[in-house]
Structure formats: structure tokens, C-alpha cells
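>
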Amino acid sequence: MFNGIASVIFPTSNLEVDKTFWQATLGVAPYFDEPFYVGFNVNGCELGLDPNAADEGLPYPVTYWTTTDIHASHAALLAAGAIAHRDITSVGDGVLVVTMKDISGNLFGLLQRRQDTSSPQ
1 MFNGIASVIF PTSNLEVDKT FWQATLGVAP YFDEPFYVGF NVNGCELGLD PNAADEGLPY
61 PVTYWTTTDI HASHAALLAA GAIAHRDITS VGDGVLVVTM KDISGNLFGL LQRRQDTSSP
121 Q
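Going by full-length UniProt numbering, the sequence shown opens with residue 1, and the numbers climb by one from there.
#1: Does DSSP put Ile-83 in a helix, in a strand, or in coil?
#2: At what residues does the beta strand (DSSP E) containing Asp-50 begin and finish?
#3: Going by the beta-carbon positions, is the gap between Gly-48 and Gly-39 smaller than 8 Å?
#4: Between the Cα of Pro-35 and the Cα atoms of Ala-53, Thr-25 and Asp-87, which residue gives the shortest distance?
#5: Report the partner residues of Val-42 according to the DSSP bridge assignment.
#6: Assign Asp-102 to buried or exposed, taking buried as 16 or more other Cβ atoms, counted over all protein chains shown, within 10 Å of its Cβ.
#7: If you run the structure through DSSP and keep just helix, strand and coil, what is Leu-107?
#8: Got a sec, what are the start and stop residues for the beta strand (DSSP E) Phe-32 sits in?
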């Protein structure tokens with residue numbers, strides 16, 4: 001069902017300050033840098049900064065697992081007792097994401113790329 005961790009997305013209330021912190025900490029510039037999202041490639045895993053996350057019900061960092069079939073994985077997780085948090089959503093370039101809660105209420109997500117790979121594009 002899972003192919004590995006795709007990304008960890010951090011909510012941010014100050015994108016520029018957090019971007020500067022992570023750029024200094026990681027020693028790399030973001031590969032994606034827009035006012036609505038900043039992404040760093042960290043050895044094949046994405047560290048993302050999302051200024052809209054808290055407003056979208058994601059107040060804490062969320063780990064996204066890659067999957068080749070987000071619909072089947074979503075259904076299997078619901079059948080196993082996971083709780084829907086947000087619907088499957090296209091975030092552009094053929095990428096689909098969904099967030100859920102496990103039976104203890106912990107948030108996690110699934111991510112399916114157009115051509116699934118194990119590292120950020």
C-alpha cells in the first residue's frame with residue numbers, strides 16, 4: 001500500500017522566516033519557491049512549507065506516504081478504521097493527495113504522483 005515517505009509538510013505562519021531557517025539548516029535552496037508553497041528536496045524526500053495548512057485543518061506537520069493507487073489505498077485504510085480528514089485532491093501536475101487520521105487521531109497523508117517515483121520532482 002505504501003511505497004515510502006514522500007514528504008513532510010509543515011504549516012507556517014511566516015513563510016519567509018521558515019524558508020530562511022530551513023535553507024540554512026539543510027544547506028540547500030528550495031527547488032520550488034512560490035508564495036503558496038516552498039519545497040526542499042532532502043535526499044529524495046520533500047520537506048514542504050505550507051502557509052495555508054492551518055486554515056485547511058492541518059495545524060501540525062503531516063507525513064505523506066507515496067502510493068501508486070491513492071483510491072484503493074484510501075478505501076483500504078477507511079476499511080481498516082482510518083478516519084477521513086480531507087477528500088482526495090489534485091494539487092497540480094497530476095499529483096493527488098489525501099489526509100486521514102489513524103484510529104488514535106494522528107494525521108497522515110497519501111500522495112500519488114502522475115508517474116509514481118520515490119523522490120520529489
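Glycine included, C-beta positions come from ideal geometry on N, C-alpha and C.
These numbers come from a predicted model, not from an experiment.
By the coordinates alone:
#1: strand
#2: 45 to 50
#3: yes
#4: Ala-53
#5: Cys-45
#6: exposed
#7: strand
#8: 32 to 34
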